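Chain order of the listed sequences is A and B.
Residue 192 in our numbering sits at position 192 of the first sequence; the count goes up by one each step and never skips.
Take any residue in the second sequence, count from 1 to its spot, add 1000: that is its number in our numbering.
Every residue, glycine too, gets a C-beta built ideally from N, C-alpha and C.
Here the structure is a predicted model, which is why all the values come from computation and not from measurement.
Written out below as structure tokens is the structure these notes cover.
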Amino acid sequence: MDAQTVIARRIALELRDGMLVNLGIGIPTLVANYVPPGVHIFFQSENGLIGTGPIPEEAMAQPRLTDAGGRPVTAIPGACTFDSAMSFGLIRGGHVDVTVLGGLQVDARGLLANWMIPGKMVPGMGGAMDLATGAKTVVVAMQHSARGKAKIVERCTLPLTSARPIDLLVTELAVIAPVDGRLRLLETAPGVTVEQVLAATEADLVVPSQVPQMQI
Amino acid sequence: MQTTSLENAVALIPDGASLMIGGFMGVGTPERLVDELLRQGKRELTVIANDSAMPGIGIGKLVSGKAVRKVIASHIGLNPETQKKMISGEIQVDLIPQGTLIERIRAGGYGLGGILTPTGVGTVVEEGKRKIEVDGRDYLLELPLRADFALVQAFLADYLGNLTYVLTARNFNPVIAMAATTVIVDAEHVVPVGMISPDHVMTPAPLVDYLVARA
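Given below as structure tokens:
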């Protein structure tokens, strides 16, 4: 199983029937592929849609039905649309149960940086700051490190996305959560040891005596 | 509400004007109005919109066509030209969280003196802004935004100017229709009064100044 699949499958297990969920671009988008059968999720697309369905077959795209990247999607029965003020009211107002966001860095305080690299990548924050601040549960999906460089750091060096700590971090090596102001190792990926996780993590991790394996 | 030709509608817009333009990655952007702005060679425009789309699409055409001096948006990541021109200083770009941008526009249209949002607290977004505590939580005071013109893309317009939008093409359109001095609408279909049920009108007719005739 590749890194992205491990992350997406593990995060899908956090979703419960009837939740309103917003997926960011990149790895987060893949989570929709692994929702357990029988579990109905309301997926929100922040450009104004609840009930986002799969990518349409070629030549079946409706040009006015798109995801937040402007790509054609479908809408499942029961879908609804709304303007951007309501879309971000849903997000900021705590009506979105779970958001899954990509990450550049997560630090020991549980703070996320995911929207810019000064001097290199300045795309704009889009909806990331509202999602990281307003969703009930913020889950970060990211690779544990980038080309050997730790992404789980003592203190973010990149500009923060929000002052509010995330709730859960899932990488291809581990599940980690901020607990009482420190990062705690909750699970390791299949075939991964606690020592491997610690070696790939710059921030201090609290390691309980028993660390279960991801059930994916 | 007046109906007008595409050419005359865009001729109302002077160089240097501020424009709110509907659309999300080009979806729901009045493409005919954008093309006419370029054809008439408008310059030094300030564009307020969710994003700058992509080169060759919607607002991306205005950026590439040197019509824009300033962009106020939440995302320019899918338009490398906007980023290039921002870095070279050719255009000024103000980046604003998406939920804050739409609420600032809403505040401008709804007669509010600003909005309080938790988004951006503790980040670079809070620089230079007033922080106000309400019930123990910090909020940023974000000021209203208005523009000289709103360029709106609707799905249906009736002869009076009542509007509806479809699917994800709604996005910023009904909100900007409240927040500009002059509202210019392009609709995919123009229909007789009564075709749009009162409950389905998303933008009431008195907000619309000009409806562009179909070619």
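Closer than 6 Å: residue i CB and nearest the ligand MG heavy atom
| i | result |
| --- | --- |
| G70 of chain A | Although the ligand MG was asked about, the structure shown includes no ligands whatsoever. |
Residues that residue i contacts on chain A, provided the C-beta gap is smaller than 7 Å
| i | result |
| --- | --- |
| N1171 of chain B | N47, G48, D83, S84 |
| G1120 of chain B | M129 |
| V1175 of chain B | D83, S84, A85 |
| T1046 of chain B | Within 7 Å Cβ-Cβ: nothing; T1046 of chain B doesn't reach chain A, min ~17 Å. |
| V1166 of chain B | R64 |
| N1162 of chain B | The contacting residues do not exist; N1162 of chain B stays about 16 Å from chain A at best. |
| I1102 of chain B | S84, A85, F88 |
Residue i: contacting residues in chain A (beta-carbon distance under 8 Å)
| i | result |
| --- | --- |
| V1025 of chain B | In the sequence as presented, Val is not what sits at residue 1025 of chain B; that position holds Met. Result: N47, T66, A68, G69, G70. |
| N1008 of chain B | Going along chain A, no residue has its Cβ under 8 Å from N1008 of chain B, so there is no contact; the nearest lies around 27 Å. |
| T1106 of chain B | Looking at the sequence shown, residue 1106 of chain B is not Thr but Arg. By Cβ distance, chain A contributes A85. |
Contacting residues, own chain, Cβ-Cβ under 6 Å from residue i (five flanking each side not counted)
| i | result |
| --- | --- |
| W115 of chain A | M125, A128, T161 |
| D17 of chain A | V39, H40 |
| D1094 of chain B | I1072 |
| K1070 of chain B | T1046, Q1092 |
| T133 of chain A | S162, R164 |
| A61 of chain A | P72 |
| G294 of chain A | Limits of chain A in this structure are 1 at one end and 216 at the other, which puts residue 294 of chain A out of reach. |
| V1191 of chain B | L1156, D1158 |
Partner residues on chain B for residue i, Cβ-Cβ distance less than 7 Å
| i | result |
| --- | --- |
| L23 of chain A | Within chain B, no residue comes near L23 of chain A; the closest Cβ sits about 15 Å away, beyond 7 Å. |
| G126 of chain A | S1074, H1075, Q1098 |
| T133 of chain A | P1118, T1119 |
Cα-Cα separation between residue i and residue j, rounded to whole angstroms
| i | j | result |
| --- | --- | --- |
| T137 of chain A | L1006 of chain B | 47 Å |
| L183 of chain A | E154 of chain A | 10 Å |
| L1037 of chain B | V1193 of chain B | 30 Å |
| M86 of chain A | A1073 of chain B | 18 Å |
| R1043 of chain B | D2 of chain A | 50 Å |
| L1078 of chain B | P208 of chain A | 43 Å |
| V1068 of chain B | I1048 of chain B | 11 Å |
| D130 of chain A | V1185 of chain B | 30 Å |
| P37 of chain A | I1115 of chain B | 42 Å |
| V1034 of chain B | G1016 of chain B | 15 Å |
| R164 of chain A | R92 of chain A | 13 Å |
| A177 of chain A | A146 of chain A | 20 Å |
| G1120 of chain B | V1134 of chain B | 16 Å |
| P190 of chain A | M214 of chain A | 6 Å |
| F88 of chain A | V1125 of chain B | 17 Å |
| G19 of chain A | G26 of chain A | Here residue 19 of chain A turns out to be Met, not Gly, going by the sequence shown. If you take the alpha carbons of M19 of chain A and G26 of chain A, they lie about 21 Å apart. |
| T171 of chain A | Q4 of chain A | 8 Å |
| G1041 of chain B | I50 of chain A | 40 Å |
| G70 of chain A | K1129 of chain B | 32 Å |
| P1055 of chain B | L1101 of chain B | 22 Å |
Beta-carbon proximity list for residue i, same chain, < 7 Å, skipping 5 on both sides
| i | result |
| --- | --- |
| V1183 of chain B | A1150, V1152, A1177, L1207, V1208, D1209 |
| L1143 of chain B | R1104, G1114 |
| Y1110 of chain B | M1178 |
| G1058 of chain B | G1023, G1026, T1029, E1031, V1034 |
| C156 of chain A | Q105, D107, L111, A113 |
| P28 of chain A | V100, L101, G102, A141 |
Cβ pair residue i, residue j closer than 7 Å
| i | j | result |
| --- | --- | --- |
| V106 of chain A | L169 of chain A | yes |
| P1198 of chain B | D83 of chain A | no |
| A32 of chain A | V96 of chain A | no |
| I166 of chain A | V192 of chain A | no |
| A75 of chain A | N47 of chain A | no |
| M1202 of chain B | L1163 of chain B | yes |
| A79 of chain A | A203 of chain A | no |
Chain B residues whose Cβ lies nearer than 9 Å to that of residue i
| i | result |
| --- | --- |
| V122 of chain A | I1076, G1077, Q1083, M1086, I1087, V1093, L1095 |
Contact set between residue i and chain B, taken where Cβ atoms lie within less than 8 Å
| i | result |
| --- | --- |
| P159 of chain A | T1123, V1124 |
| R92 of chain A | G1099, T1117, P1118, T1119 |
| A108 of chain A | Ordered by position in chain B, no residue passes the 8 Å Cβ test against A108 of chain A, which lies about 16 Å from the chain. |
Neighbourhood of residue i by C-beta distance below 8 Å, restricted to the same chain and skipping five residues each side
| i | result |
| --- | --- |
| V197 of chain A | H144, L173, A174, L185, T188, L205 |
| G1028 of chain B | G1022, Q1153, Y1165, T1168, A1169, R1170, N1171, F1172, N1173 |
| G1065 of chain B | L1038 |
| I1076 of chain B | D1051, S1052, T1082, Q1083, M1086, V1093, L1095 |
CB-CB length for residue i against residue j, believed under 8 Å
| i | j | result |
| --- | --- | --- |
| A1180 of chain B | D1148 of chain B | 7 Å |
| T1123 of chain B | Y1139 of chain B | About 13 Å separates the two Cβ atoms, so there is no contact after all. |
| G103 of chain A | K151 of chain A | 7 Å |
| L1160 of chain B | A1205 of chain B | 4 Å |
| F42 of chain A | L23 of chain A | Not confirmed; about 12 Å, so no contact. |
| I55 of chain A | P72 of chain A | 7 Å |
| V35 of chain A | A8 of chain A | Actually they do not touch by this definition, with Cβ atoms about 10 Å apart. |
Chain A contact residues for residue i, given Cβ-Cβ distances below 9 Å
| i | result |
| --- | --- |
| R1032 of chain B | In chain order: nothing, as chain A lies at least about 15 Å away. |
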